[in-house]
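Worksheet: the structure to be examined is printed underneath.
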Amino acid sequence: MKKNLVFICLLILGTLVSCQSASSKKDADNTATNDVKAPVPLGDPFIMLHDGVYYAYGTHSGEGIEVYTSDDLLTWKYKGIALNKKDSWADRWFWAPEVYAVNGKFYMYYSADEHICVAIADSPAGPFVQEKKEPMITDEKCIDNSLFIDDDGTPYLTFVRFNDGNNIWIAELEKDLVTIKKETMHPCLHVSQEWEEVWPRVNEGSFIVKRNGLYYMSYSANSYESPFYGVGCATATDLMGTWSKYDENPLLQKPGELVGVGHSAMFTDKAGKLRIVYHAHKDKEKIHPRAMYIGEVSFENANGVDRMRISKEYIIPELVK
């Protein structure tokens, strides 16, 4: 009887220890779940550094434009909708936003329902509001607008028109940074190189930087749905002049394990290094949800001229949920 009692006590003690261990494991699993990291789900991404914080915007939500923040480019937090569709002229297809700080205000250039728009906010997190509820060009579909302010303070906008497949144009803006001077509209790039002819006629996603008096325009070619979507570069000595594409294009296409890379933008990080941000397909079988990746941009002197180079290595930003 005594032996049986001892056995029963040991059995109960073992059960309690087992339950406690299972409970501890469950708590540990819950903790791990709370710290789960995932890709930042942005297509057509753009990053702005402001007051020591990185802000990322892109194509993702049907409710408008989302914003994410980071201190180190590696881990990101979702901060909500920066532009709600109720504050835009359209109610669908919110694509390719870019945000710029100018004179104490923040200007978001984006596409809505295949028209280019601009909304303004007092904070990089929003809320951004389109004060005049109409596109920048009312009588024509356009997408992928990007702001460039030259050294003399003159603002320009590059954007895509659909009059030769997707092709890139530029125009001067009024000082309000909202109104396009239509009489200055000038073509820049259209499909003209063999690597761009995979599927279908697409030059889009332009972004301009200036270095030593030369203008560099990065752009994407092929459909965003194609694994051969990639990034090329063209240069000009005059924004309204002739743009010449690099003969070694594409500068970035299918790096590492990524496919469908493109619609890029550039920014300078906290260390003063020029970076490029772009999206890629979910994997080699599925396009969506696309995710954001970050690389480096450098310049190599060739015959006295700096040539843009884009690294094949990349950072994989992670969203902390």
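According to mature numbering (1 follows the signal peptide of the UniProt record, and there is no 0), the stretch in the sequence shown is residues -22 to -1, 1 to 299, in order. We put the CB at the ideal spot given by N, CA and C, even for glycine. All values reported here derive from a predicted model rather than from experimental measurement.
If we ignore side chains and look at the alpha-carbon of each, how far apart do G82 and R253 end up?
Rounded to the nearest whole angstrom, the C-alpha separation of G82 and R253 is 24 Å.
Give me whichever residues DSSP pairs with N144 in a beta bridge.
Note: N144 sits in a beta bridge opposite V180.
Neighbourhood of S242 by C-beta, 6 Å cutoff - its chain only, sequence neighbours within 5 removed
Residues of the same chain with a CB within less than 6 Å of the CB of S242, apart from the 5 flanking positions on each side, are S196, V209, I254, Y256 in chain order.
Just to confirm my understanding: we take E296, look at its own chain, exclude 5 residues before and 5 after, and list those with CB closer than 8 Å. What are they?
These residues qualify, in order along the chain: K15, A16, P17, V18, L52, T53, W54.
Beta-carbon contacts of L20 that lie in its chain and below 8 Å, excluding the five residues immediately before and after:
Excluding residues within five positions, the ones whose Cβ falls inside 8 Å are A34, Y35, G36, T37, H38, E44, Y46, H257, R268, A269, M270.
Boundaries of the beta strand (DSSP E) in which M26 is found, first to last residue:
Run containing M26: 21 to 28, per the beta strand (DSSP E) assignment.
For R70, the first and last residue of its enclosing beta strand (DSSP E):
Following the DSSP letters along the chain, one finds R70 in no beta strand (DSSP E), marked with neither H nor E.
Does DSSP put W173 in a helix, a strand or coil?
DSSP places W173 in helix when its eight states are reduced to three.
Bridge partners for D284 per DSSP, in chain order?
Per DSSP, the beta-bridge partners of D284 are N279.
Put L217 into one of helix, strand or coil per three-state DSSP.
In the three-state DSSP reduction, L217 falls in the coil class, being neither helix nor strand.
May I have the straight-line CA-CA distance separating A74 from V283, to the nearest angstrom?
Between the alpha carbons of A74 and V283 lies a distance of about 31 Å.
For M86 and K119, what's the separation of their Cα atoms in angstroms?
Distance between the alpha carbons of M86 and K119: 18 Å.
Own chain residues within Cβ distance below 6 Å of G42, not counting five before or after:
Annotation for G42: I59, L61, N62, K63, F72 place their beta carbon closer than 6 Å to its own, counting only its chain and skipping 5 residues before and after.
Member of D225, D216, E175, E76 whose CA lies at the smallest distance from the CA of Y202:
Taking the Cα of Y202 as reference, the smallest distance to any Cα among D225, D216, E175, E76 is reached at E175.
Burial state of E112 (16 or more Cβ within 10 Å):
Per the 10 Å Cβ criterion, exposed.
When the Cβ atoms of the stretch 21 to 30 are set against those of the stretch 242 to 251, are three or more pairs found closer than 8 Å?
The answer is yes - the stretch 242 to 251 touches the stretch 21 to 30, with three or more Cβ pairs under 8 Å.
When the Cα of D247 is compared with those of E274, A103, L230, V239, which residue comes out closest?
Closest option to D247, Cα to Cα, is E274.
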